[in-house]
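J.: Chains as they are written, first to last, in the working numbering: chain A, 1 to 465; chain B, 1001 to 1437.
Virtual Cβ for every residue (Gly too), placed ideally from N, Cα, C.
Given the structure is predicted, the values throughout are model-derived calculations rather than measurements.
Let me begin by handing over the structure; questions about it come next.
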């Protein structure tokens, strides 16, 4: 065990001495490795080992947090004491004895990163480099990243929860740079999983490498994207970043509970076109954003956020649940022990609709086909969002036409949900890293191809149509 | 961890040179929501970055586990890494410079020792002030964050350096609402001097800006003259910092390749790296490789004067390191675009028709440091006949950062250090494509 049970119990008790009604200990150990190759040569090998303890103490909606990487019992007890000074009552809450330690059994890795020889890791990277660099003579640089980490967590709280699990994640990404005539463009592609190194037996490494090079070359010779308001077809898989940014963040209790979200107080009302159903599911087998438990130690779940256009559920953590008078939804996550946990997305996606991508394109006279999305961000306070298009094409008379570069999409989350007027049946999820209040965490985004009737497209070229 | 023991063990296992970078951090974060302490975080962490040369290749290990019984694992991992690395880069551990500048103002003991109750009181005062300022203010959060970083660098070539710095920021976020619209205002002040936190002044700015943006709408898509506020330029500029890195240049990842001593910007543009900037917790007298830092002009009146180097990139280009080896790569310490002669008012007044941009968003995805291109969500004001006519939101402004440097026509007096650690004035740019309605 990461710390002795007796010490954990002491910390939980000490924290409750001055009137707090909840205490929690989060202990984490992590081994991580990041490999980077440039021009096919292994340049960086970064291994890291972390250990830390986070202690949280709360009374009603007020919570305080401390973290350290000391294992020393005196230091840890002192930290709990320091935190308890934020409250100044008599001891009010009696701690529920810890349950028998529960070990999370789902999503376990077959081949752990620490059991893989560095030579074999490098071989995976070379496969990718070979295909990307040989794709075309305009490809001037190829960088390959192989990232893995194994996180062991143990969570205990004053309500008796006592759980542990080991989470393994691996990811291989390739970035290609195409250059010609003083211009440069980049393309990237890759995949990751909540599995161990067995994942690379199923990943088509060569296909991703080719894709990275192809996007870089296509965008190198692409025209500047025209600017203006137009229909946009957002492709499946990473296209789901639109929902993630535009709506997902605004459905997290972090902003909802404080009335700081456009969706505060909208539960049970229509917030989207009735063809839209959206789900956040932290239980999908071995998925990038899955886990046995959330980072408050409660089971991860499947949450139907929007059902046929009606707001059905928020994502809620323990403290915000108190503020909202609702139950937590097993949605609490954090990057590591350096962050107090809060409500976050896991694997979030729009569900399949009734059209096909071909039908959507054929039904669009003029617009943009955002085949591959980059990242984006949102201001939850008013729902305004932006995201960038990595690979885009104009659509003319129901057909995909010339490639365009440098496009970004801006809009408003509350409004765009009503403007989704066609949804295809090709749902796919894709890996992403999501940054917010409790740090950067792995999260899947996903959707089938969708059409948004009208959205502002920002590009360098003047005037649409 | 016993460093001498680590060095001895490394030498026994044929690691020819070794270096440790020990970092001890203290953090304090406080957030006040609706008058009450909503979040209070205290932290105390240590970590060590160990770099070792084996067979002329460099292996790296980062650990927060500091017990001596991990020493063999560290050295074995470094050796295993070094054996696989086939990069042609040299592995260098530095013997040190003759002199290192003494930085006296980057650690402020008074700030560190100031009772946390005083810090909370000031935040609560700010919360109250923000609430009472205008009845359209609906949600208020105020925050204070303080970091102390104590760094020790030691290596087997006898180098032994120390640096201690602290800094804090205090700020607030408000949501303002009227019948039709809802807008967010946010800003922070950064300093290591608690008296610098003028909460009335910043509160007024946060709310005035948020209120002024109520009812913002897009403008028709077209090309416009643009003024970027100092804060908006900071966000944009920080996304393109890497173009100055010699590492990026050598890897064909920077548009500044082959541009040394050439004119790449308007003669109004001077960009420097000032590692000794006062009250910046980023300020350092040595970089992570132990090289002494110094003040340098990167772009002087439009001409590119130098790239930023660490030991490895410098050796490749046959120059001296510029003391910019940070985090295993190359970066500036305090990047700063020098202030100009104009006031913000003068810049706005000089536009017949244009956009005054107060904020850009999404730079992590919408700005590409390799191609230089950006297309970013922006907000601000539509300017007609030299006057702010109405607030603007949900537009994008697009361009190429390198082209933009040439098109700068006015530079403001108002250089300010941002949340992102870069210092920028406001600027006026000739013409940029803006996408809106």
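According to DSSP, residue 1054/B sits in a beta bridge with which residue or residues?
T.: Position 54 of the second chain, counting from 1, holds the residue named residue 1054/B. Residue 1054/B pairs with 1057/B.
J.: Based on Cα-Cα distance, which residue from 1330/B, 1317/B, 1236/B lies nearest to residue 1400/B?
T.: What you label residue 1400/B is simply residue 400 of the second chain in a count that begins at 1. Measuring from the Cα of residue 1400/B, the nearest candidate turns out to be 1236/B.
J.: Classify residue 396/A: buried if its beta carbon has 16 or more other beta carbons within 10 angstroms, exposed otherwise.
T.: Here residue 396/A is taken as the residue at index 396 of the first chain, counted from 1. With fewer than 16 other Cβ atoms within 10 Å, it is exposed.
J.: Can you give me the C-alpha to C-alpha distance between residue 1149/B and residue 1094/B, rounded to a whole angstrom?
T.: For the purposes of this step, residue 1149/B is identified with residue 149 of the second chain, where counting begins at 1. For the purposes of this step, residue 1094/B is identified with residue 94 of the second chain, where counting begins at 1. Roughly 23 Å separates the two Cα atoms.
J.: Residue range of the beta strand (DSSP E) that residue 254/A falls in?
T.: Position 254 of the first chain, counted from the start, is the residue given in the question as residue 254/A. Not the beta strand (DSSP E): residue 254/A falls in the alpha helix (DSSP H), residues 253-256.
J.: Is it buried or exposed, residue 1087/B, if we count other Cβ atoms within 10 angstroms and call 16 or more buried?
T.: One-based indexing of the second chain puts residue 1087/B at position 87. Classification of residue 1087/B: buried, given that the 10 Å Cβ count is 16 or more.
J.: Of the residues 1085/B, 1176/B, 1358/B, 1348/B, which one's Cα is nearest the Cα of residue 1409/B?
T.: Reading the second chain from its first residue, position 409 is the one you call residue 1409/B. Comparing Cα-Cα distances from residue 1409/B to each of 1085/B, 1176/B, 1358/B, 1348/B, the minimum goes to 1348/B.
J.: Using a Cβ cut-off of 7 Å (strictly closer), state whether residue 1043/B contacts chain A.
T.: Position 43 of the second chain, counted from the start, is the residue given in the question as residue 1043/B. Yes, residue 1043/B lies at the interface with chain A (some Cβ there is under 7 Å from its Cβ).
J.: Can you give the Cα-Cα distance for residue 1352/B and residue 1344/B, rounded to whole angstroms?
T.: Residue numbering aside, residue 1352/B sits at position 352 when the second chain is read from its first letter. Residue numbering aside, residue 1344/B sits at position 344 when the second chain is read from its first letter. In a straight line, the C-alpha of residue 1352/B is about 15 Å away from that of residue 1344/B.
J.: At a Cβ threshold of 7 Å, is residue 459/A touching chain B?
T.: Walking along the first chain from the start, residue 459/A turns up at place 459. Answer yes: the Cβ-Cβ gap between residue 459/A and chain B drops below 7 Å somewhere.
J.: According to the Cβ coordinates, are residue 1292/B and residue 1160/B closer than 7 Å?
T.: Residue 1292/B sits at position 292 when you count from the first residue of the second chain. Residue 1160/B sits at position 160 when you count from the first residue of the second chain. Not a contact, by the Cβ cut-off of 7 Å.
J.: Can you find at least 3 beta carbon pairs, one from the region 1382-1398 of chain B and one from the region 1302-1313 of chain B, that sit closer than 8 Å?
T.: Not touching, per the Cβ criterion.
J.: Under 9 Å between beta-carbons, which chain B residues line up against residue 65/A? List them in chain order, please.
T.: On the first chain, residue 65/A is found 65 positions in, with the first residue counted as 1. Near residue 65/A (Cβ distances below 9 Å), the residues of chain B are 1029, 1039, 1040, 1041, 1042, 1043.
J.: Compare the C-beta of residue 80/A with all C-beta atoms of chain B and state if any pair is closer than 7 Å.
T.: By one-based count along the first chain, residue 80/A stands at place 80. It does not: the Cβ of residue 80/A has no partner Cβ on chain B nearer than 7 Å.
J.: Starting from residue 1358/B and walking both ways along the beta strand (DSSP E), at which residues does that stretch end?
T.: For the purposes of this step, residue 1358/B is taken as residue 358 along the second chain, with counting starting at 1. Note, residue 1358/B: beta strand (DSSP E), 1353-1361.
J.: Compare the C-beta of residue 259/A against all C-beta atoms of chain B and say whether one is closer than 7 Å.
T.: Residue mapping note: residue 259/A aligns to position 259 of the first chain, counting from 1. Judged by the 7 Å Cβ criterion, residue 259/A is in contact with chain B.
J.: Does the beta carbon of residue 130/A come closer than 7 Å to any beta carbon on chain B?
T.: Translated into the one-based positions of the first chain, residue 130/A becomes position 130. Not an interface residue.
J.: What separation, rounded to the nearest whole angstrom, lies between the Cα atoms of residue 255/A and residue 1188/B?
T.: Along the first chain, read from residue 1 onward, the residue named residue 255/A stands at position 255. Along the second chain, read from residue 1 onward, the residue named residue 1188/B stands at position 188. Taking the straight line from one Cα to the other gives about 20 Å.
J.: May I ask which residues mark the beginning and end of the alpha helix (DSSP H) holding residue 199/A?
T.: Within the first chain, residue 199/A is the residue found at index 199, counting from 1. Taken as a continuous stretch (DSSP letters only), the alpha helix (DSSP H) holding residue 199/A covers 199-202.
J.: What does residue 1374/B pair with, by DSSP beta-bridge criteria?
T.: Looking up residue 1374/B in the second chain gives position 374. Paired residues: 1367/B, 1399/B.
J.: Output needed for residue 1005/B: all residues of its chain with C-beta closer than 8 Å, excluding positions within five of it in sequence on either side, in chain order.
T.: Here residue 1005/B corresponds to residue number 5 of the second chain, with the count starting at 1. Contacts found: 1068, 1071.
J.: Residue 465/A: buried (16+ other C-beta within 10 angstroms of its C-beta) or exposed?
T.: As a position in the first chain, residue 465/A is number 465, starting the count at 1. Caution is warranted here: a pLDDT of 44 is assigned to residue 465/A, below 50, making its placement in the model unreliable, and the coordinate value is therefore given only provisionally. That one is exposed.
J.: When you compare the CB of residue 1398/B with every CB in chain A, is at least one pair closer than 7 Å?
T.: Within the second chain, numbered from 1, the residue matching residue 1398/B stands at position 398. Yes, because at least one Cβ of chain A sits closer than 7 Å to the Cβ of residue 1398/B.
J.: Pick out whichever of 230/A, 89/A, 126/A has its Cα sitting closest to the Cα of residue 1084/B.
T.: For this step, residue 1084/B is matched to residue 84 along the second chain. For the residues 230/A, 89/A, 126/A, the minimum Cα distance to residue 1084/B belongs to 126/A.
J.: Consult DSSP for residue 1049/B and reduce its assignment to one of helix, strand or coil.
T.: Counted from its first residue, the second chain places residue 1049/B at position 49. Note: residue 1049/B maps to strand in three-state DSSP.
J.: Output the distance between the C-alpha atoms of residue 1151/B and residue 1048/B, rounded to the nearest integer angstrom.
T.: As a working mapping, residue 1151/B is identified with position 151 in the second chain. As a working mapping, residue 1048/B is identified with position 48 in the second chain. Going from the Cα of residue 1151/B to the Cα of residue 1048/B covers about 10 Å.
J.: Could you tell me the alpha carbon to alpha carbon distance between residue 204/A and residue 1175/B, rounded to whole angstroms?
T.: Residue 204/A sits at position 204 when you count from the first residue of the first chain. Residue 1175/B sits at position 175 when you count from the first residue of the second chain. If you take the alpha carbons of residue 204/A and residue 1175/B, they lie about 47 Å apart.
J.: Output, in chain order, the set of chain A residues within a Cβ distance shorter than 7 Å of residue 1136/B.
T.: Numbered from 1 along the second chain, position 136 holds the residue referred to as residue 1136/B. Within 7 Å Cβ-Cβ: nothing; residue 1136/B doesn't reach chain A, min ~14 Å.
J.: Look up residue 108/A in the DSSP assignment and say whether it is helix, strand or coil.
T.: One-based indexing of the first chain puts residue 108/A at position 108. Coil, per DSSP.
J.: Could you name the residues that DSSP lists as bridge partners for residue 1224/B?
T.: Indexing the second chain from 1 puts residue 1224/B at position 224. 1432/B, per the DSSP bridge assignment.
J.: If you check the beta carbons only, do residue 227/A and residue 1362/B fall under 7 Å apart?
T.: Translated into the one-based positions of the first chain, residue 227/A becomes position 227. Translated into the one-based positions of the second chain, residue 1362/B becomes position 362. The answer is no: Cβ separation not under 7 Å.
J.: According to DSSP, is residue 94/A helix, strand or coil?
T.: Taking the first residue of the first chain as position 1, residue 94/A is located at position 94. Coil, per DSSP.
J.: What's the C-alpha gap between residue 1031/B and residue 1145/B?
T.: Residue mapping note: residue 1031/B aligns to position 31 of the second chain, counting from 1. Residue mapping note: residue 1145/B aligns to position 145 of the second chain, counting from 1. Spanning the two alpha carbons is a distance of roughly 9 Å.
J.: Would you mind telling me which residues of chain A sit closer than 9 Å to residue 1062/B, beta carbon to beta carbon, in chain order?
T.: Taking the first residue of the second chain as position 1, residue 1062/B is located at position 62. Near residue 1062/B (Cβ distances below 9 Å), the residues of chain A are 32, 46, 47, 48, 49, 50.
J.: Taking just the CA atoms, how far does residue 108/A sit from residue 174/A?
T.: Looking up residue 174/A in the first chain gives position 174. Looking up residue 108/A in the first chain gives position 108. Distance between the alpha carbons of residue 174/A and residue 108/A: 26 Å.
J.: How is residue 1270/B classed by DSSP in three states: helix, strand or coil?
T.: Residue mapping note: residue 1270/B aligns to position 270 of the second chain, counting from 1. It is coil, neither helix nor strand.
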